[in-house]
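Accompanying notes for the structure given below.
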Amino acid sequence: MQPENTSSVSVRTTKIDDIPLIMELVKALAEFEGLNDHVLATEESLKEGMFGKNKYAEAIVAEMDGKAVGFIVFFHNFSTFVGRPGLYIEDIFVYPEYRGKGVGKALLVHCGKIARERNCGRLEWSVLDWNPARKFYEHMGGEHQKEWLLYRLDEKGIEELAERK
């Protein structure tokens, strides 16, 4: 996918040299969400997961005047009902001082183009209930899926599940 320009926002696919930048953005997102203590990722684990033998996720970054101001991390899932792959946005983050300047829109539009190019049937993401970005997502056409509840097992939960008889 070629870099995309929306007004003064430039959006591009990340490369392996961007790992320190991605780590910086992950930490900024965690700080915004009050979840600093939840960040277990390291530059090495991001490098392995995004650029290693098995590529589990991808990222795009938004820049203004040569400075990174936001990013999206996404990966493929699959819908058996639709019978096609989908894209799941794991993280979308724009530094607070750059919100309202078209950065989030440029990131979502670029991700939407990737989903269309890859013949995805869905583009999905989760958002914290208190996050004011919910209004932005709805403005961009996102629909809150009220009937679906997110469940999760963390590493300890996965281990306990795997050991069940």
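So for the sequence shown, numbering that gives the first Met the number 0 puts the first residue at 0; every next one is plus one.
Backbone N, C-alpha and C fix where the C-beta goes; we use that ideal spot for every residue, glycine too.
Pull up the DSSP beta-bridge partners for residue i, would you.
i      : result
ILE59  : THR12 and ILE71
VAL108 : DSSP lists no partner for VAL108.
TYR87  : PHE74 and GLU123
LYS155 : LYS155 is not bridged to any residue.
PHE92  : PHE70
Please report the distance separating the alpha-carbon of residue i from that of residue j.
i      : j      : result
ARG98  : VAL108 : 15 Å
LEU149 : LYS66  : 34 Å
ALA105 : SER9   : 8 Å
LYS26  : VAL72  : 13 Å
PRO131 : GLY69  : 16 Å
GLU142 : PHE135 : 11 Å
VAL38  : MET63  : 26 Å
GLY33  : TRP129 : 12 Å
GLU162 : LYS155 : 11 Å
TYR87  : TRP124 : 6 Å
VAL102 : THR79  : 33 Å
LEU160 : GLY111 : 35 Å
ARG121 : LYS54  : 20 Å
HIS77  : CYS119 : The question names His, but residue 77 is Phe in the sequence shown. Using only the alpha carbons, I get a separation of about 9 Å.
TYR94  : HIS75  : 25 Å
ILE15  : ASP90  : 18 Å
SER7   : GLY51  : 32 Å
Taking residue i as the reference, give the member of the options with the closest Cα.
i      : options                          : result
GLU57  : ALA114, LEU28 and MET63          : ALA114
PRO19  : VAL93, LYS46 and HIS143          : LYS46
MET49  : GLU62, LEU39, ASP64 and ILE21    : ILE21
ILE59  : ASP17, ARG151 and VAL126         : ASP17
ASN35  : SER44, PRO84 and LEU24           : LEU24
ARG83  : PHE31, ARG133, ARG151 and GLU116 : GLU116
LYS100 : PHE31, ALA61 and GLU43           : ALA61
Around the C-beta of residue i, are 16 or more other C-beta atoms found within 10 angstroms, so that it is buried, or is it exposed?
i      : result
THR41  : exposed
GLU146 : exposed
PHE92  : buried
ASP153 : exposed
GLY218 : Since the displayed the chain opens at 0 and closes at 164, residue 218 lies outside it and no answer follows.
LEU28  : buried
ASN4   : Its pLDDT being 47, under 50, ASN4 is placed unreliably by the model, and the measurement read from it follows with that caveat. Looking at its Cβ environment, which holds fewer than 16 other Cβ atoms inside 10 Å, ASN4 is exposed.
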